[in-house]
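>
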Amino acid sequence: MASKKKTKSKSRKKPSNKNKNKNNKKSKIQSNWKKISTAAATLAGLSNITSADMSASAGQPVGMRAQNFANSLLGRITGYTPFKNAAGANTPQTISIEGIFNKWSGAGFAAWLYAQIPLKQLPHKGKAKTFGKTLLTAGVLSGLFMPTSNPHNHNLISHNNPPGTSTMTPVSTI
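Mind the numbering: the sequence shown is residues 1343 to 1516 in this note's numbering, read in order.
1) Should the segment 1483-1492 be regarded as contacting the segment 1389-1396, the criterion being three or more beta carbon pairs within less than 8 Å?
2) Between Thr1490 and Arg1407, what straight-line distance do the alpha-carbon atoms span, to the nearest angstrom?
3) Can you look up Gln1402 in the DSSP assignment and give me helix, strand or coil?
4) Let me know the secondary structure DSSP gives Lys1462 once reduced to three states.
5) Return the CA-CA distance between Ile1437 and Ser1414, expressed in angstroms with no decimal places.
6) Run through DSSP, which three-state label would Leu1486 get?
7) Secondary structure at Asn1427, three-state DSSP: helix, strand or coil?
8) Within the same chain, show all residues whose beta-carbon is closer than 6 Å to that of Gly1450, passing over the 5 residues directly before and after it, in chain order.
9) Taking the CB atoms as reference points, tell me whether Trp1446 and Ala1394 lie closer together than 7 Å.
What follows is the structure, given as structure tokens:
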């Protein structure tokens, strides 16, 4: 009779559900943190642009406040206000470099600096870096359209001049 060799099958250890759940939970937190950072930056940017104009509709119904919000946001960015009868109908377009240094860009820069500290003992450095970059970006971009007290803000869309006319004065040549 022929002898049969018995071979042992090598079995791999399956990862325990404990590790799998831990990794899955960690990835959910990471993906949720990106969403949280984006939402916080969006709210900070909208607040930056519209905060000065929203006081005009204090105590008004929600619909009127929404119209004021749209007038403020679109007016500051493009110069166009869609609701002419609502509060904030005369919101001018505002582009100002001095607005980029505000509380949101400062907080974002501070969070980003925290992430750059070369100590391994500090918690949540990766999250702070993500949050800091998004908040810094939102603060700087929305700061460009923030209302300022500077009388030299620039309106790219002029409402005072009829179409085809220029706001520039002609230069005479001698």
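Glycine included, each C-beta is placed from N, C-alpha and C at the ideal position.
Answer, in terms of the structure:
1) With a cut-off of 8 Å, the segment 1389-1396 and the segment 1483-1492 count as touching, because enough Cβ pairs lie within range.
2) Within the sequence shown, residue 1490 is the residue found at index 148, counting from 1. Within the sequence shown, residue 1407 is the residue found at index 65, counting from 1. Rounded to the nearest whole angstrom, the C-alpha separation of Thr1490 and Arg1407 is 22 Å.
3) Locating residue 1402 in the sequence shown gives position 60, where the first residue counts as 1. Note: Gln1402 maps to coil in three-state DSSP.
4) One-based indexing of the sequence shown puts residue 1462 at position 120. DSSP places Lys1462 outside both helix and strand once states are collapsed to three, so it counts as coil.
5) Start at 1 with the first residue of the sequence shown, and residue 1437 comes out as number 95. Start at 1 with the first residue of the sequence shown, and residue 1414 comes out as number 72. Ile1437 and Ser1414: Cα-Cα distance of roughly 13 Å.
6) Along the sequence shown, one-based indexing puts residue 1486 at 144. When secondary structure is reduced to three states using DSSP, Leu1486 falls in the coil class, being assigned neither helix nor strand.
7) If you number the sequence shown from 1, residue 1427 lands on position 85. Reduced to three states, the DSSP call for Asn1427 is coil.
8) As a first step, residue 1450 must be located in the sequence shown, where it is residue number 108. Result list for Gly1450: Gly1474, Leu1477, Leu1478 and Gly1481, in chain order.
9) Reading the sequence shown from its first residue, position 104 is the one you call residue 1446. Reading the sequence shown from its first residue, position 52 is the one you call residue 1394. Against a cut-off of 7 Å, the Cβ pair of Ala1394 and Trp1446 comes out as no contact.
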